[in-house]
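K.L.:
The sequence shown begins at 144 in the numbering used here and counts up by one.
Here's a structure for you.
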Amino acid sequence: MKCGVRGSDTVEERAVPQGNVPGERYSPTQPFSVDMPSIGNQTLKESDMWGATAFDQLMCRIAFKGLRHEGVYTPPGLDPALQFPGSLGGMNWGSVSVDPTNSYMFVNDMRLGLANYMIPRDKIAAGASGIEMGVVPQTGTPFGAMRQRFLSAVGIPCQAPPFGTMSAIDLKTKKLMWQVPVGTVKDTGPMGIRMGLPIPIGMPTLGASLSTQSGLLFFAGTQDFYLRAFDSGNGNEIWKARLPVGSQSGPMTVSDPR
Numbered sequence: 144m145k146c147g148v149r150g151s152d153t154v155e156e157r158a159v160p161q162g163n164v165p166g167e168r169y170s171p172t173q174p175f176s177v178d179m180p181s182i183g184n185q186t187l188k189e190s191d192m193w194g195a196t197a198f199d200q201l202m203c204r205i206a207f208k209g210l211r212h213e214g215v216y217t218p219p220g221l222d223p224a225l226q227f228p229g230s231l232g233g234m235n236w237g238s239v240s241v242d243p244t245n246s247y248m249f250v251n252d253m254r255l256g257l258a259n260y261m262i263p264r265d266k267i268a269a270g271a272s273g274i275e276m277g278v279v280p281q282t283g284t285p286f287g288a289m290r291q292r293f294l295s296a297v298g299i300p301c302q303a304p305p306f307g308t309m310s311a312i313d314l315k316t317k318k319l320m321w322q323v324p325v326g327t328v329k330d331t332g333p334m335g336i337r338m339g340l341p342i343p344i345g346m347p348t349l350g351a352s353l354s355t356q357s358g359l360l361f362f363a364g365t366q367d368f369y370l371r372a373f374d375s376g377n378g379n380e381i382w383k384a385r386l387p388v389g390s391q392s393g394p395m396t397v398s399d400p401r
């Protein structure tokens, strides 16, 4: 990284949960970067369950109690398990941006869980054709997989918000400088209904950010249709402009040769 500092210097092997799929080999440990902040991969508890209504929350609590969840690296097995973050989660979707002048790194994350379990080949129903969700056949392997987003009955994440944030890390001190929820329910909501409410609860993020030497951070990968500019020093939103649709990519700049 060309900003005069290094990323994580310390990687520690830690014990992780083991699975129960016959014939599968599990590593007893996984690497953790212990000197850098961990973004959006907390171990969930029943008290973290949330809902648009009391009934919604109750159903999420019941669903959570029926899933094996032992924190990050919980592997899929023959019993239903919860991976958090899931395959559409964490900080690996939009990547990061770096301000090399100030040695700041900006990370947007997506906090979505995935409930899944493995299905023996002889128990997969004929015609199963799930690609991303549902029963995924995994043809040519001993097991198929059942995959479902960890959502409530009305289609919102079961755990409490924020469902997406923007974070700034000082690469010199390796400390979290600030973290803010990004995105509102203006253009989305339960059952896909647009709420029209500019409530900044923090929505799942797609795309990446763009940092500038002028101290601005631009980002458009939210579930509402805005391009935003943040103060890179404190995370305050200082400008936004409406887009015709949502953005799933990162902003870019161009240089005028004149």
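Don't be surprised by glycine CBs; every beta carbon is placed ideally from N, CA and C.
To which residues does DSSP link A224 through a beta bridge?
P.N.:
In the sequence shown, the residue the question calls residue 224 occupies position 81. The partner list for A224 (beta bridge, DSSP) reads R211 and N259.
K.L.:
Assuming G229 contacts G350 under a Cβ cut-off of 8 Å, what Cβ separation, rounded to an integer in Å, is found between them?
P.N.:
Working through the sequence shown from its first residue, we reach residue 229 at position 86. Working through the sequence shown from its first residue, we reach residue 350 at position 207. With a Cβ gap of about 18 Å, G229 and G350 do not count as contacting.
K.L.:
Taking the runs of the beta strand (DSSP E) that are 3 residues or longer, which of them lie wholly in the segment 182–207?
P.N.:
none
K.L.:
Can the beta-carbon of M309 be found closer than 8 Å to that of N379?
P.N.:
By 1-based counting over the sequence shown, the position of residue 309 is 166. By 1-based counting over the sequence shown, the position of residue 379 is 236. Cβ atoms of M309 and N379: not closer than 8 Å.
K.L.:
Please report the residue range of the beta strand (DSSP E) in which K318 lies.
P.N.:
Residue numbering aside, residue 318 sits at position 175 when the sequence shown is read from its first letter. Note, K318: beta strand (DSSP E), K318 to P324.
K.L.:
Check Y300 in the structure and name its three-state DSSP category.
P.N.:
As a position in the sequence shown, residue 300 is number 157, starting the count at 1. For the sequence presented, residue 300 should be read as Pro rather than Tyr. In this structure, P300 counts as strand in the three-state DSSP scheme.
K.L.:
Is P324 near P343, with beta carbons less than 8 Å apart?
P.N.:
Looking up residue 324 in the sequence shown gives position 181. Looking up residue 343 in the sequence shown gives position 200. Yes; because the gap between Cβ atoms is below 8 Å, this pair is in contact.
K.L.:
Given a threshold of 16 other Cβ atoms within 10 Å of its Cβ, counted over all protein chains shown, does Q391 qualify as buried or as exposed?
P.N.:
The residue you call residue 391 lines up with position 248 of the sequence shown. That one is exposed.
K.L.:
Taking the continuous beta strand (DSSP E) assigned at D252, which residues delimit it?
P.N.:
For this step, residue 252 is matched to residue 109 along the sequence shown. Note, D252: beta strand (DSSP E), Y247 to M253.
K.L.:
CA-CA distance, S240 and L360?
P.N.:
In the sequence shown, residue 240 corresponds to position 97, counting from 1. In the sequence shown, residue 360 corresponds to position 217, counting from 1. Cα to Cα, S240 sits roughly 9 Å from L360.
K.L.:
Which residues in the same chain as R157 place their Cβ atom closer than 7 Å to its Cβ, once the five residues preceding and following it in sequence are excluded?
P.N.:
Reading the sequence shown from its first residue, position 14 is the one you call residue 157. Closer than 7 Å at the Cβ level, and outside the excluded window around R157, lie T172, Q173 and F175.
K.L.:
Mark L314 as exposed unless 16 or more other C-beta atoms lie within 10 angstroms of its C-beta, in which case mark it buried.
P.N.:
As a first step, residue 314 must be located in the sequence shown, where it is residue number 171. The residue is buried, with at least 16 neighbouring Cβ atoms inside 10 Å.
K.L.:
Report the rounded CA-to-CA distance for G183 versus V215, giving the unit in angstroms.
P.N.:
Stepping through the sequence shown from its first residue, residue 183 is reached at position 40. Stepping through the sequence shown from its first residue, residue 215 is reached at position 72. Cα to Cα, the separation comes out at about 10 Å.
K.L.:
Output the distance between the C-alpha atoms of L231 and M320, rounded to the nearest integer angstrom.
P.N.:
Indexing the sequence shown from 1 puts residue 231 at position 88. Indexing the sequence shown from 1 puts residue 320 at position 177. Taking C-alpha positions only, L231 is separated from M320 by approximately 25 Å.
K.L.:
Any idea if G287 is buried or exposed, counting beta-carbon neighbours within 10 angstroms, 16 or more meaning buried?
P.N.:
Position 144 of the sequence shown, counted from the start, is the residue given in the question as residue 287. Buried, because 16 or more other Cβ atoms sit within 10 Å of the Cβ of G287.
K.L.:
Hey, quick one: how far does the beta strand (DSSP E) through R264 stretch, first residue to last?
P.N.:
The residue given as residue 264 occupies position 121 in the sequence shown. Here R264 belongs to no beta strand (DSSP E), and DSSP marks it neither H nor E.
K.L.:
Taking the alpha-carbon positions, what's the D178 to G376 distance?
P.N.:
For the purposes of this step, residue 178 is taken as the residue at position 35 of the sequence shown. For the purposes of this step, residue 376 is taken as the residue at position 233 of the sequence shown. Put simply, the backbone Cα of D178 is about 21 Å away from that of G376.
K.L.:
What does the alpha-carbon distance come out to for the pair R385 and Q366?
P.N.:
Counted from its first residue, the sequence shown places residue 385 at position 242. Counted from its first residue, the sequence shown places residue 366 at position 223. Cα to Cα, the separation comes out at about 12 Å.
K.L.:
Taking the runs of the alpha helix (DSSP H) that are 4 residues or longer, which of them lie wholly in the segment 345–392?
P.N.:
none
K.L.:
Let me see if you follow: with CB-CB separation under 8 Å, is R401 close to chain D or not?
P.N.:
Given the protein chain composition of this structure (a single chain), no chain D is represented.
K.L.:
Just to confirm, is the Cβ distance from G89 to L353 under 8 Å?
P.N.:
What is shown of the chain runs 144 to 401, which leaves residue 89 out entirely.
K.L.:
With distances taken Cα to Cα, identify the nearest neighbour of C301 among G162, L187, E167 and M192.
P.N.:
For the purposes of this step, residue 301 is taken as the residue at position 158 of the sequence shown. Nearest option by C-alpha distance: M192.
K.L.:
Could you tell me if the beta carbon of A363 falls within a distance shorter than 7 Å of some heavy atom in the ligand ADP?
P.N.:
Although the ligand ADP was asked about, the structure shown includes no ligands whatsoever.
K.L.:
The beta strand (DSSP E) spanning A271 covers which residue range?
P.N.:
The residue given as residue 271 occupies position 128 in the sequence shown. Neither: A271 is in no beta strand (DSSP E) and is coded neither H nor E.
K.L.:
Using CA atoms only, rank isn't needed, just tell me which of V328, V397, K317 and I205 is closest to D152.
P.N.:
Along the sequence shown, read from residue 1 onward, the residue named residue 152 stands at position 9. Comparing Cα-Cα distances from D152 to each of V328, V397, K317 and I205, the minimum goes to K317.
K.L.:
In the DSSP assignment, the beta strand (DSSP E) including T172 goes from what residue to what residue?
P.N.:
Position 29 of the sequence shown, counted from the first residue, corresponds to residue 172. Its beta strand (DSSP E) spans residues T172 to S176.
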